[in-house]
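Residues in the sequence shown are numbered from 73 upward in steps of one, following this note's numbering. Quick reminder that beta carbons are idealized off the backbone N, C-alpha and C, glycines included. Keep in mind the model is a prediction, meaning the values are calculated, not measured.
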Amino acid sequence: MPPTDADAATGHAPTTAAGPQPAKADTDGEDTLDLRLPDDFGALFAEVTETGTAARADLLGGVGDWGATATPVGAFQLLPVRVERDLPVISRWMNDPTVAEFWQLAGDQGVTEAHLLAQLDGDGRSVPCIGLLEGRPMSYWEIYRADLDPLARHYPARPHDTGVHLLIGSVADRGRGLGRALLRAVADLVLDRRLTCARVVAEPDLRNAPSVAAFLSAGFRFAAEVDLPAKRAALMIRDRSLREVL
């Protein structure tokens, strides 16, 4: 069953497939983009280091360089995932029954590893991260280019829309207001570091009322219901233009 606390924010299973589906349009939206990468993508994607190893860049302005930010619940930082370091803890979180209901990644570590590697070995449009609160790993995040994601086929995407997925790892960290505080902080980080991004978006499962409530409390607005391949989702949007209002 979903958690009973509105701040748990554990249900943000990513979109894994694509196909035309109807959606209730956001009235201030634009036509949905295709998923074509920019012409200069190759130059953005990889550079050669002094060791000759390809150092892959993300398409989000270097999430790993965003640094720590002050929040009402402590200093918070997004740390890009390293499989050899982070796989055990992320896999354990994915096997929590509350998380597994929405993320659908329960099982041995190989299940979680495949999910992480699909992003880490991909084109840089999605960056999996560990969330550190006062230096303590306590959450898992995916920061992604929503305009280049299959999600863009299901809502009126705009250039540089940036998406977030979130789970709070420990039961002890749920029900304390962390979800809404960290969602607001991460959305602010995105808007501060990605000046070309006008909107932060998310698509929690409609059944996950605590997650939807956490987004609303964090300054997101409910824009539409969208039918995704694996779920019916609430399209949540935090607008740069409404940042000081909501």
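Asked	Found
According to DSSP, what are the bridge partners of D180?	None; D180 has no bridge partner.
Give every residue of the same chain whose Cβ lies closer than 7 Å to the Cβ of G146, excluding the five residues on either side of it in the sequence, and list them in chain order.	L205 and E206
Just to confirm, is the Cβ distance from D233 to R271 under 7 Å?	yes
Does the count of Cβ pairs from the stretch 292 to 305 and the stretch 241 to 254 closer than 8 Å reach three?	no
Across which residues does DSSP place I202 in a beta bridge pair?	L151 and Y212
Measure the C-alpha to C-alpha separation of D41 and R256 and round it to an integer number of angstroms.	Past the boundaries of the shown model lies residue 41; the chain is included only from 73 to 318, so the question cannot be answered.
Rounded to whole angstroms, how far is the Cβ of A178 from the Cβ of A172, which I believe are closer than 8 Å?	4 Å
Quick check on the burial criterion: 16 or more other C-beta atoms within 10 angstroms. Buried or exposed for T268?	exposed
Using only alpha-carbon positions, find the residue among D168, S289, E156 and G139 that is nearest to F148.	G139
In three-state terms, what does DSSP make of E297?	strand
Just to confirm, are L307 and Y227 a CB contact at a threshold of 7 Å?	yes
Under DSSP, the alpha helix (DSSP H) around L238 begins and ends at which residues?	Segment T234 to I240 is the beta strand (DSSP E) holding L238; no alpha helix (DSSP H) there.
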